[in-house]
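Colleague: Residues in the sequence shown are numbered from 5 upward in steps of one, following the working numbering.
Got a structure here, written out as structure tokens. Questions coming.
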Amino acid sequence: MTKYIFRRILMLIPVLIGVVVIIFTINFFSKVSPAVLLVGANATPELLAAKEAELGIDRPYLVQLASYFWNIIAHGTLGTSYVYRQPVWDLISVRLLVTIKIGFCAAMFSAIIGIPLGILAAVKQNSIFDYASTIVAIVMAALPSFWVCLMLMLFFGMQLKVVPISGLPNWKGYLMPIIATGMMPVAMTMRMTRSSMLEVIRQDYIRTARAKGLKESTVIFKHALKNALIPVLTVVGMNLGLSMTGSVISETIFNIPGLGLLMNNSIAQKDFITTQGCVLVAAIIVCVMNLVTDLAYAFVDPRIKAQYSSGRRPPKKSGKEAAA
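Structure, rendered in structure tokens:
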């Protein structure tokens, strides 16, 4: 398994390089110069040129790109923010923990709610609960994140006044961002769990377990659930990475001082160097979460662990959507 982990880590390097090149290229060819934003649109050409030279953005594309990579590799720095005039990593590090808390709790919220509901919907297939949960999941997946944030703010923050509507004055400030970020993952987890459970409980070994007279709870939770969780782990791991990196909307609306709000502000202020750092950190988080998800398969299925030990990555299982 060590060989496999090492190989997967090496595979992350070209992915991260590609992310840096893409975001750097987009920023470089943007029509708006950060120097214009700093010195003003009415600045003289001489002042503008001096500011561009100070920022180092007057150099050719390849020179700037090579310099950016060199600073990351040799000095471990993501550059200095054009707007805040602070190292980008310092700006990110003080906000990253907030985003990780929200993302992790949102992913756990989706798993705690989605997996039991998915199991129950599969066990009670074609029942009123199954149909109702399917409709609710479709609606939850379709609701825009900004609308969910606004409704939570209006109802719980302004009407009931049980949670703060902005910032993090106490632990209650995390509740609405977590719920808003976790709404779509709940729907995804519930539908995948239902689909996977339906696929598993129709297999012969489940019929054999029932024929032996085992309790239905034993059949479901001891025999069926373990195999059904393999494709669900993919969704949970993906939700974990996306929840940590996709909280831009909720952090912006609720004014949460996290990575998402910093990224949104840096884009609005054309602070390209900060935007690049935020995107790179977000990409690293997603890559690490994907690696952790792959390794988690070994704890669910010993066959997968054996394939990992041989240095091969097994094909991911995916639940087939059963006809309702």
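Ideal placement from N, C-alpha and C gives every residue a C-beta, glycine not left out.
Note that this is a predicted model, so its numbers are computed, not measured.
Can you tell me whether Pro18 is buried or exposed? The criterion is at least 16 other CB atoms within 10 Å of its CB, across all chains shown.
Modeller: Under a 10 Å Cβ-count criterion, Pro18 is classified as exposed, with fewer than 16 other Cβ atoms of the shown protein chains found around its own Cβ.
Colleague: For Thr278, which residues in the same chain have their Cβ closer than 6 Å to its Cβ, ignoring the five residues on either side in sequence?
Modeller: Correct list, in chain order: Ser85, Val92, Ser270.
Colleague: Is DSSP giving Leu20 helix, strand or coil here?
Modeller: If DSSP states are grouped into helix, strand and coil, Leu20 belongs with the helices.
Colleague: Grab me the residues of Phe160's own chain with a C-beta within less than 6 Å of its C-beta, minus the 5 sequence neighbours each way, in chain order.
Modeller: Excluding residues within five positions, the ones whose Cβ falls inside 6 Å are Val166, Val167.
Colleague: Take every Cβ of the stretch 251 to 261, pair it with every Cβ of the stretch 98 to 111, and state whether three or more of those distances are shorter than 8 Å.
Modeller: Cβ pair count under 8 Å is three or more, so yes.
Colleague: Quick check: the Cα distance between Gln273 and Ser37, rounded to an integer number of angstroms?
Modeller: Spanning the two alpha carbons is a distance of roughly 11 Å.
Colleague: Can you list, in chain order, the residues of its chain with a C-beta nearer than 7 Å to that of Ala326? Leave out the 5 residues immediately preceding and following it.
Modeller: With a pLDDT of only 38 at Ala326, under the threshold of 50, the placement of this residue in the model should not be trusted; the figure read from the coordinates follows. Counting only Cβ-Cβ distances below 7 Å, and skipping sequence neighbours, we find Ser199, Leu202, Glu203.
Colleague: Under 6 Å Cβ to Cβ from Pro181, same chain only, skipping five residues before and after it: list those, please.
Modeller: Ile106, Ser254, Phe258, Ile260
Colleague: Based on Cα-Cα distance, which residue from Leu147, Met194, Trp175, Ser170 lies nearest to Ala136?
Modeller: Selected option, being the one with the closest Cα: Met194.
Colleague: Since I believe Phe10 is in contact with Gln68 (beta carbons under 8 Å), could you give me their beta-carbon distance rounded to a whole number of angstroms?
Modeller: About 32 Å separates the two Cβ atoms, so there is no contact after all.
Colleague: How many angstroms separate the CA atom of Gln163 from the CA atom of Ile26?
Modeller: 44 Å
Colleague: Candidates Glu56, Ala215, Phe73: which alpha carbon is nearest Val40's?
Modeller: Glu56
Colleague: Could you compute how far the alpha carbon of Ala286 sits from the alpha carbon of Thr185?
Modeller: 16 Å
Colleague: I need the straight-line Cα distance from Gly122 to Lys219, nearest angstrom please.
Modeller: Annotation: Gly122 to Lys219 spans about 20 Å, alpha carbon to alpha carbon.
Colleague: According to DSSP, simplified to helix, strand and coil, what is Pro91?
Modeller: strand
Colleague: Rounded to the nearest angstrom, how far is the Cβ of Gly250 from that of Asn294, given a contact under 8 Å?
Modeller: About 15 Å; that fails the 8 Å criterion.
Colleague: Taking all protein chains shown into account, decide if Val296 is buried (16 or more other Cβ within 10 angstroms of its Cβ) or exposed.
Modeller: exposed
Colleague: So, for Arg99: in the same chain, excluding its five sequence neighbours on each side, which residues have a beta-carbon less than 8 Å away from its beta-carbon?
Modeller: Cβ neighbours of Arg99 beyond the five flanking positions: Pro261, Gly262, Leu263, Leu265, Leu266.
Colleague: Which two residues bound the contiguous alpha helix (DSSP H) that contains Ile61?
Modeller: No alpha helix (DSSP H) holds Ile61; DSSP gives it neither H nor E.
Colleague: State the beta-bridge partners of Thr84 as determined by DSSP.
Modeller: Pro91
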